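Data block below; observations after.
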Amino acid sequence: MPRDGFNRQGTFLSYAKENATPYSWTSANGMRLFKIGNPLAAYDPDIAGYDAERSAATQLRGSYAVTYKIRVNVSSSNGKRLAVLLNPRGGAYAGYIRTSLAGGPSTGQLLPSATLNMGDNTKAIVCAKIPLSSTPQTLLIELIPAGASSLPFELILTPYSAPAQVDDWTLY
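All letters in the sequence shown, in the order written, are residues 257 to 428 by the numbering used here.
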């Protein structure tokens, strides 16, 4: 492959990032942000690899096509429910997201939907609405940013009161 000047090629042991110990969140804590695809954050470094053509270490910059698995122990101490939102901070975004509570069904969706544009970084899209109990349950959020996505983006855990009108796949 001819050199492109950006040193983007390499062999990488893994294309997955996963937190082994779940984060904790309760509805009384308010909103919680997870910034994804931000190499400046200590919790989301670029993936290290090896470029055989240059005989040198390299990094997968941008986290494109990386599978993220984020575990969060979620509960409600005040009767509120949980909405998982995605905000495209870096610009246009496309990808896949799936959410599931331990032992429960999962819901998955391509982002954006056929009718929504995810290029407005002042808005967010509802990816999941989850009823909570006072007993902590492990929420698994799995997502894959597509190669054409602009990173970083934020996942936002947001408490809301029922029966609030929070429609799936609506920009807010």
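Even for Gly, the Cβ is constructed at its ideal location relative to N, Cα and C. From a predicted model like this one, the values you see are computed outputs, not experimental measurements.
Pairwise C-alpha distance: residue j and residue i
i, j, result
"T394", "I326", "10 Å"
"G335", "D376", "32 Å"
"L388", "F409", "25 Å"
"Q365", "A276", "24 Å"
"G293", "G359", "28 Å"
"A418", "S331", "15 Å"
Those residues which DSSP pairs with residue i across a bridge
i, result
"Q315", "A304"
"E274", "K325"
"L413", "R288, V340"
Reduced DSSP category for residue i - H, G, I as helix; E, B as strand; rest coil
i, result
"G334", "One detail in the question is off: residue 334 reads as Asn in this sequence, not Gly. Coil, per DSSP."
"S280", "strand"
"G351", "strand"
"W425", "Note that W425 scores a pLDDT of 43, beneath 50, so its modelled location is shaky; the value from the coordinates is reported in the next line. Correct three-state label for W425: coil."
Candidates the options: closest to residue i by CA position
i, options, result
"L269", "A284, A313, S283", "A313"
"I353", "E398, L341, G359, G360", "E398"
"V382", "L341, L296, I292, S332", "L341"
"E204", "L289, Y299, A348", "Here the chain has residues from 257 to 428 only, and residue 204 is not among them."
"D307", "L296, Q265, V328, A404", "Q265"
"P415", "S333, L338, L289", "L338"
"D207", "Q315, I386, E309, K291", "Given a span of 257 to 428 for the chain in the structure shown, any question on residue 207 remains unanswerable."
"K379", "Y320, S390, A348, G305", "A348"
Go through the region 356 to 407 residue by residue and report every complete run of the beta strand (DSSP E) that reaches 3 residues or more, in order. 362 to 367, 381 to 386, 393 to 401
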